[in-house]
Structures are given as structure tokens and as C-alpha cells.
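Q: Residue numbers (our numbering), protein chains in the order written: chain E, 1 to 265; chain B, 1001 to 1265; chain G, 2001 to 2265; chain H, 3001 to 3265.
We put the CB at the ideal spot given by N, CA and C, even for glycine.
Please read through the structure below; I'll follow up with questions.
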């Protein structure tokens, strides 16, 4: 899957990083420059945010999309941003390189079908309680609606365990790789819920064969509008990227992943 | 909450019954007449169905809404039907008396916000993996967006147990009743997944204080387009209504529900 | 199943009540007299308690068994008490009428097998995370080891929902009744985790066909060594028993339970 | 923690391998020699098996322990084997180097307390539905009963996902490492449930900081009495060990594990 000069699902391990929400031009451009310098290829940032209350932050909307676009021009990073509503598909597609579908929207079939004709690759996050079969069905709906370019994303599931925000289902990566040919990335930020666990879960994602990483980074996590406790600082993100390097050099290609056991069943 | 001459959340226990999907005029009108005769006050039936594949049945759409409307005229039943997409809100509100939000849409915040101004009561189903806190937050979003008329619906949650389609969380009813003043109904059909368990779960719903019931009924369940195995026949629905009668006569009013233990903590 | 003059699994709905733990002769005898007067037939009370720390209360042990025995003499109540260890089976069987296996021991196969030859009926509680299939397998092990007298007990399962201590799986009762002929009782105290929900969950248990109830009662719940927040006072237990009466008069016999839907599939 | 010349929880990554059950001297000795050659330091093998039916295989018992002992003499491997019953603690401790507590026994408090004085390190497996807090409480009980040498083992938890036998909670390793100083190992065999996923989950365990691995190996998995589908052949185990080598060379020491993010919070 090709996004400009970035190939996802091939030899390169693609890192997508940025804040949960676009909060200001300064916040986003600073983040973009910093994560690009550390090795990210794609910038994440929400312009439309889940509005669980009409009084809560709704994201900067089109203004946010324009800031993302400006960041792309300045840094060369591609842009991934969430689309939450069918009625926003066209405007988001105008600015974004990849259309993100959040965990809560994974079974919004109307939205998925509409994304079949949006002309952009879709990053589909696993629902909090979705089986891998459910996730694949949603991916198939997008594909059958006209858009084969779907990237799957494991981001943790809801279980009885509360030590982490979600339970990171690391086995989802190899299972998905076995049954389909779509790229699979991991989001250690939402799985962990706390920043200290993000780098170590990222490592796990790398070695089980993920094609990339979606990670939250913020200039001042403690002041973030949302997800601050799971966002890395610039320095932490840079350290994580250095930490991942030797693991990336060992990164399995899809073919030999299960060959480790002396051959698949 | 008043829907025509039907008061929900008061002394009356309100039964909503009908097929999963509107399949034809004949199917719906026959069902409407039969469930009305057995004591239902509201007719359910999906005109817009979750399209998990572009090739699967998508519901009859506006044609289905018109059939529902015709059934209302003939039987006096009010109509509840699902709205799956923001773009359908206006057309559904034109025909429906109650707008249903399905379990998969419980956190489609754009849709919820749009329903704040639809001018119709909303029946909000609990998501498969939603905590009661999540459910209440979604209800609050609808209310804060301008529409205080929300009916909550327990329909089973996803757990490790597979003997039933979902695990019917019967305690949800009294818990919700304690923390808010919204009507709470139960959907034993989706909880059970098999018709033989529907009447017995309906009973449980009655005695824990539910304000009503949402139940699937079909003239020929074995030929139903969807959810046939959990749909009651006309005769089974009638038997269930008779079976519930003595329990309904014992139905607690909200005030004395927890008084049974000699007073609340 | 006959325990003295009490038949479990037949026409009578059998209520088992008492404190979580035997704490003193006074506490137990007072409770026994009170619950007997309110209509309980069996006295519960733990003499051996789960020792999650060597410093925590371990129960009164044999001394507790003797107090239970004395309560039986004075009130005519039968005794159910937990056995936690194979090495205690003989001594517990000497004093108890029913041997209780706790949720944490449901898959302690050595203990189960040993109970096959203990000469007493066994009350087998569902494990927190056990499927109904798991529960039945454990029951079968006891039966196959020589003891067919097993009473199954639904007491809530562990799910993501935290509004209640456990999720009361009310459908477990009819499902178990369909696939085996063992008596099935419910424990609303451990499901609810708070006393205000106990009577309403007890009602649900009655109407879905349970054969009895296991409920925690304490003279002064706020001073209880364990489970105080979910224990009823004497007055609350008495109110609950009065509240249940009309539901009990409607209690289905096993034969017509599913007939409500006009016949089983 | 020292077991002969093997230090667990330090610089060495300790691999424990062998069959689910000891089935014969030939089967065990062949396996022992093969896994030793591939780099395992400890031999696993059940002599006492969960008897979910009195007719099912119960393990070879003391005979099995003697075969394990013989394997130790011949190969120098240390022995880990499960103890299921308090009454077997002494005999198992006579032959084993490490006493294994299975997932089903994690809250068998009588057994745990008895292990406090068994004189052997204990390998404590996480219960299928146990939170990390539950696991730590059980470890503390063993410690408080006199035995500080407890090894914790993550082996997957029960969730709604059925694509794998259990959901491998890889984050459990760093979370446990943060809150206690006990060694933590992973069991990818029971998490995966199928052998093709075992090596890739083993990798994930290595890179998140586990101190070792518990893995099922059998000369002829298809003929195994139990767990055949998740057991590796000798050749597959050898391939896995080779595959792990470069990851092991990167293995973090506990100190710098979370430092990757530029410092802990």
C-alpha cells in the first residue's frame, strides 16, 4: 500500500506519531518537526474528536485539518486523522492522506461503506470489544464498497484486567497476518494508558510482525486536552525510536514469521 | 415520557414487539395485528439494517418506513425503528414515533448529538461492551443536545460465556433506576439468542423493575431474513404475554423496589 | 434430593441464609433463630475461610463447626458450610448437612473427587470465570466419583462491568435446567456485592426457575468480619422473604418453564 | 533466585521445556535430551494431572516423578512439575526442583499456604481470570507462609476473543516487574493454544523483559495425551531457540526497561 513515497505493509516499519488532538498550530508544527526528526513518517492528530458531551472539546474541525496540511508541507510527513461522521468524509479526505476510523466507529457500517469511495487508504482501529473476525468483517465491508486499502490496527481490548487501560492483544498481529494480506499496525498508547509502558509494548509489536506503530506524542503531555497520561514527550519518543532500532533490524518479513517453529502446521 | 397515549416509565409496562426487519407489507401488517391483539403497544421493525456487507440485506429503507406507518394507521400501535446514520435522521423522524439507536451505534457521538434535535424520543440500546457508565454518558449527550426523552435498553453484554448469545445483565435495571430517572426496558431476544429463553428472561426483566420489553416476533421465524432463531412466533408471543400477566400485577413501582430489604442503605 | 425433611429440586423453594463466617456462638445462634423465623430452611456460615493472608481471619475451624451443629439442634435448620481443603473433608462432613465448594475451588479437581465419597450432598458454586460447561464438568466429576447429589449455584461472573461486584448471569438457571436434572440455586449476595440489590436479584432468581437461594445475613453487617456490605440485616431478610412470597406462589415447576413460549423448539 | 547452578530473575533467560504430561520413560528422556541440547535449562512435565473426570488420564503419579528424576540425572536439567493437592506436596517436593501451581489452583489458598514450608521455589501460574492484583496476593500468601521464592507466570487470560486459546497479556510482564521483585516468566503455549503462534509470542515475552519461558515440547505432538496441538516438535523447539537468540542478546536488564521512554514518570 503506497502513500506518497511511503509503502505500508512492506519492508519498511512505518511510525505514525503525534498528539491525540490538534490543539493549536504551534503545538502541531512543533510536534511534527520533532517526530519527523526522530524518524516518524506519518503525523497523527485529531481534528474531529469524539464529543461525549456537547460541552467537551470537539476538536478544531476544518481549522485543524488546515494545520495538519500545513505540517505536511513543512515536514513532508503524511497525515492520518480520524473521521467520525459520514458527513465529514469529503472534507477530511480533502486534507488527509489516511482516513482513521476510531475504535468506537468500527461497526458504524454506514461510515465504513461511505469510506469505500473516499479515495484514501483507511486506518481501521479494532473496537474495544471486537473479535478479530468482527474487525475483518468491517475491513471487508470497506473493501467490498470499493476501497481495498485498509490498514488494521490493534489497540487493546476490554477485559476484566484494570492494571492497563486495555489488554494489548499482541497475538492479534500474527493471527491477522495469517488470515489476510492487509497491513497491521499497533497502537501501544491506547493499550497501555500510561506512557511508561508505551515503549515496551511498541517493542512487542515490532517483534511479532507489525508493519507500523501509532503513538501519541505531545510537547507538554501534562497540559494535553486529552490522553495526556499516555502521551510521550518529544525526548521520550526519540528514546523509544532509538530503543526500537535493533529490534527493527531483526524485523521478520511476513514469510519467515511462523517459519521459526520449523514450518507452519 | 409520553408517546401519543402511551406513557413509558410510569405505571404501565410497555411491550414493543415485531420483526427484526421489515421484509414485506404482508409480513409486517400480519405481525402488527397479531402483537397488538396480544397486548403490545409499540411495533418494532427495522427499515435500515446494519450492512455488514454491501451484498447483505440493507433493509427496505423508506419503503419500509411507509409500511411501518401504514401498520400504525391500521392498528394504533406506535412505531419504533432504528436509525443508523446521521443522514437518515430526518426521514426516520418523519415516520417513527421512537428513534432506536442500536448497540453498535451507542458511541456514535455524531449520531447521538444529531438526535438531540430530532423531536422524537430515543430508545438507546446498551453497547455490547459498554459499562452502565458509558451508557449513561451517551444518554446524557442526547439530553444535553436538546432531547431529554431517552429510554435505556439492557440487551446483554459480551462475556466469555457462550451458552447464550450475550450475558443478560439483569442487575443493570435496578442499578440504572437508582442513578437516573429515565425509563429502562429490556430486550430478552438479543440477550438470549434463542427463542426458548426469551419468555423466562422477560419475566426476570419484569420483576427487577423494567418499564417495558423489546421483543422480536415473526410470522415464520425460520424464514426470517435475520434473527430468526431468537424470534417468537405469534402463538409464542401470545403465550408469553399471558405468562407475564401475574408478574405484571406484582410489578413494583420505582419507589418500593429496594424497600424490600427494609430500606436502602 | 433429600436433606433430612427438606427436598431440594422439587416443589419447595429452599432458602439458605446466614453469615459469611461463623464469628461467635452468639452471632450464629441469633442469626439462626432469626432466619428460621423468617422462613429459611438451611443455615449457612463459614467455619473455614479462604486465607488470602496468613494474618487474615481463617475462620473458627472445628470450633465453628460445633457452633453450627448447636444451631441445628436449637432451630432444626440444616447446615451448609464450605470445605476448602481435601484434608478437611472428613471433619466437615461430620458436622455439615451440605458441603459447600466455593467459586475459587470449582476446579480443585482433587477436592471434587474426594467429595465423591464424603456421603453428603455438595453445593457447587460456579467459578468467577467458569462457563456453564466448566461448571457441569465439575459436577460430573463429583458424580462420577460416587456422589450424584450436587446442587449447582449461580453467583455472578467476572466481566468488564464494575457497577456490581459480579455480573449475575440469570440465564444460567434456565440453561442449566435444560441440560441437566440437578437443582440450581442462586446467590444474589455475591453477585450484587451490595445489600440493596440482593432482594431484587433474588426475585429474578425465583421467576427464572431457581430451586433456592443462598443469601448472607448478619446481626450487624457493619461489624461483620467479611462481606458486610452485601449482608442483609435480620429485618431486611425478613422483608425480602415477605417480598418473595407472591413470586414464589407463581413459581414455575420445571416442566412448564419454557412452555411459556408455546413449546420448546 | 537460585536453583542449583541456575539463577532465575537475573541476567540469564531461563527456558523450561517439556511435555504437558509425563507419558513414559522413553518419551520423557528423549524430550529431556533434545530440549537440553537446544538450550533449555529446566525440564517441565506433569506427573499429577487435573482429573476432570475419574476416567481421564491422571498422570503417572510417583512413577512419573521418578522418571523426571532420572531425566535430571542424565541431562543435568532441573525439574519443574505441578502439584495439585496439599496431600501431594511432600512427595512432589522430594523429586522436584520447582513446584508448579497451575492456573486452576492459583486461589487454592490451603495449597499455597502449605507450599510456604515445602522448601522449594514455587512457579505460580496466573489464573485464567485473575487480575495481576489477585496473582500478587497469592504470591504474597506463599511468601508470608515462609517461602519467598516465587516465580510468576503469565499464561493468557480468558476474554471474549476466541481466535487464540487465551489472550496473552504481554503487558503483565512489565507491570509485574514494576510492582514487585519476583521473577516473571511467560507460557506462550497455553496463551496461543496452537503451536504456530508459540515462537512469535515467545519473542514478545523476551523483549518485554520476561526472565524466562515455559513451553510445551513433545516427541510426537499428534500422539500427545494432552495439549498436543500447542506442543512443539523437537525441531520446532530448536528453531525457536535459534530464532530467539538475537532478541536475547538485546534483552533488557530490569533497570533500563522503562528508561526507553527517557525516564519513568
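#1: Residue 29(E) lies in the alpha helix (DSSP H); which residues open and close that run?
#2: For residue 58(E), which residues does DSSP report across the bridge?
#3: Do residue 185(E) and residue 211(E) have their C-beta atoms within less than 8 Å of each other?
#4: Is the CB of residue 2137(G) under 8 Å away from at least one CB in chain H?
#5: Quick check on DSSP: helix, strand or coil for residue 2262(G)?
#6: Leaving aside the five residues before and after residue 2142(G) along the sequence, list all residues of the same chain whose C-beta is less than 6 Å from its C-beta, in chain order.
#7: What residue does the alpha helix (DSSP H) around residue 2016(G) start on, and which one ends it?
#8: Residue 1099(B) by DSSP, collapsed to three states: which one?
#9: If I measure Cβ to Cβ from residue 2072(G) and keep anything under 6 Å in the same chain, skipping five residues before and after, which residues do I get?
#10: Which of the three DSSP states, helix, strand or coil, is assigned to residue 3063(H)?
#11: Using three-state DSSP, classify residue 149(E) as helix, strand or coil.
#12: Where does residue 3169(H) land, buried or exposed, given buried means 16+ other C-beta within 10 angstroms?
#13: Taking residue 1297(B) and residue 1081(B) to be in contact with their CB atoms under 8 Å, please state how far apart those CB atoms are, rounded to whole angstroms.
#14: For chain G, is any of its Cβ atoms less than 8 Å away from the one on residue 266(E)?
#15: Is residue 2157(G) closer than 8 Å to residue 2164(G) when the C-beta atoms are compared?
#16: Check whether the Cβ of residue 109(E) lies closer than 8 Å to any Cβ atom in chain G.
#17: Give me the residue from 1138(B), 1023(B) and 1003(B) with the minimum Cα distance to residue 1077(B).
#18: Of all the CB atoms in chain G, is at least one closer than 8 Å to the CB of residue 1161(B)?
#19: Could you work out which residues of chain D lie near residue 1158(B), taking near to mean beta carbons separated by less than 9 Å?
#20: Put residue 3081(H) into one of helix, strand or coil per three-state DSSP.
#21: What residue from 3055(H), 3216(H) and 3120(H) has the CA that sits closest to residue 2109(G)'s CA?
#22: Distance, Cα to Cα, residue 3264(H) vs residue 198(E)?
#23: Note down, in chain order, every chain E residue with its Cβ under 9 Å from the Cβ of residue 3129(H).
#24: For the segment 1213-1228 of chain B and the segment 1025-1045 of chain B, state whether three or more C-beta atom pairs, one from each stretch, are separated by less than 8 Å.
#25: Going by CA-CA distance only, name the one from 83(E), 235(E) and 173(E) that's closest to residue 59(E).
#26: I'd like the list of long-range same chain contacts for residue 2037(G), defined as Cβ closer than 6 Å, with 5 residues on each side in sequence excluded.
#27: Determine whether the Cβ of residue 15(E) lies closer than 8 Å to any Cβ atom of chain H.
#28: Would the segment 2125-2139 of chain G count as touching the segment 2100-2109 of chain G if we require 3 or more Cβ pairs under 8 Å?
#29: Please identify, using Cβ separations under 9 Å, the residues of the segment 1017-1042 of chain B that lie next to chain G, in order along the chain.
#30: If you drop the 5 nearest sequence neighbours on each side, which residues of the same chain put their C-beta closer than 7 Å to that of residue 2088(G)?
#31: In the DSSP assignment, what residue or residues form a beta bridge with residue 1142(B)?
#32: For chain G, check one thing: does any of its Cβ atoms lie closer than 8 Å to the Cβ of residue 3145(H)?
#33: So the candidates are 2248(G), 2251(G) and 2128(G); which of them puts its Cα closest to the Cα of residue 2160(G)?
#34: When the Cα atoms are used, what is the spatial distance from residue 1175(B) to residue 2192(G)?
#35: What's the C-alpha gap between residue 3323(H) and residue 204(E)?
#36: From the DSSP output, in three-state form, read off residue 2164(G) for me.
A: To lay it out plainly:
#1: 25-38 is the span of the alpha helix (DSSP H), which, as asked, contains residue 29(E).
#2: Within the DSSP secondary-structure output, residue 58(E) pairs in no beta bridge.
#3: Cβ distance < 8 Å, so residue 185(E) and residue 211(E) count as in contact.
#4: Chain H, which has a Cβ nearer than 8 Å to the Cβ of residue 2137(G), makes this yes.
#5: Interpretation of residue 2262(G) is limited by its pLDDT of 43, a score under 50 that renders its predicted location unreliable; the figure taken from the coordinates is listed afterwards. Correct three-state label for residue 2262(G): coil.
#6: These residues qualify, in order along the chain: 2112, 2115, 2116, 2122 and 2150.
#7: Where residue 2016(G) is concerned, there is no enclosing alpha helix (DSSP H), although the beta strand (DSSP E) it sits in stretches over 2014-2018.
#8: Reduced to three states, the DSSP call for residue 1099(B) is strand.
#9: Closer than 6 Å at the Cβ level, and outside the excluded window around residue 2072(G), lie 2079.
#10: Of the three classes helix, strand and coil, the one that applies to residue 3063(H) here is helix, per DSSP.
#11: In the structure shown, residue 149(E) sits in coil (DSSP, three-state: anything other than H, G, I, E or B).
#12: Buried, since its Cβ has 16 or more Cβ neighbours within 10 Å.
#13: Here chain B has residues from 1001 to 1265 only, and residue 1297(B) is not among them.
#14: There is simply no residue 266(E) to check, as chain E begins at 1 and stops at 265 in what is shown.
#15: Between residue 2164(G) and residue 2157(G), the C-beta gap is not smaller than 8 Å, which leaves the two residues out of contact.
#16: No, its Cβ sits nowhere closer than 8 Å to a Cβ of chain G.
#17: Ranking 1138(B), 1023(B) and 1003(B) by Cα distance to residue 1077(B) puts 1003(B) first.
#18: Chain G has a Cβ within less than 8 Å of the Cβ of residue 1161(B).
#19: The structure shown has no chain D; the protein chains it does contain are E, B, G and H.
#20: Residue state, collapsed to three classes: strand.
#21: Comparing Cα positions, the closest option is 3055(H).
#22: Caution applies to residue 3264(H), whose pLDDT of 38 falls short of 50 and renders its modelled position unreliable; the model cannot decide the point.
#23: Residues of chain E with a Cβ closer than 9 Å to the Cβ of residue 3129(H) are, in chain order, 160.
#24: Contact holds: three or more Cβ-Cβ distances are below 8 Å.
#25: A check of alpha carbon separations from residue 59(E) across 83(E), 235(E) and 173(E) identifies 83(E) as the nearest.
#26: For residue 2037(G), where only same-chain residues beyond five positions count, there are no Cβ hits under 6 Å.
#27: With 8 Å as the cut-off, residue 15(E) does not count as an interface residue toward chain H.
#28: Touching, per the Cβ criterion.
#29: For the segment 1017-1042 of chain B, the set of residues with a beta-carbon nearer than 9 Å to any beta-carbon of chain G is empty.
#30: So the qualifying residues of the chain are 2048.
#31: Under DSSP, residue 1142(B) takes part in no beta bridge, so it has no partner.
#32: Against chain G, the CB of residue 3145(H) has a partner CB under 8 Å away; the residue lies at that interface.
#33: It is 2128(G).
#34: The straight-line gap from Cα to Cα measures roughly 10 Å.
#35: There is no way to answer for residue 3323(H), as the model of chain H reaches only from 3001 to 3265.
#36: In the structure shown, the three-state DSSP call for residue 2164(G) is coil.
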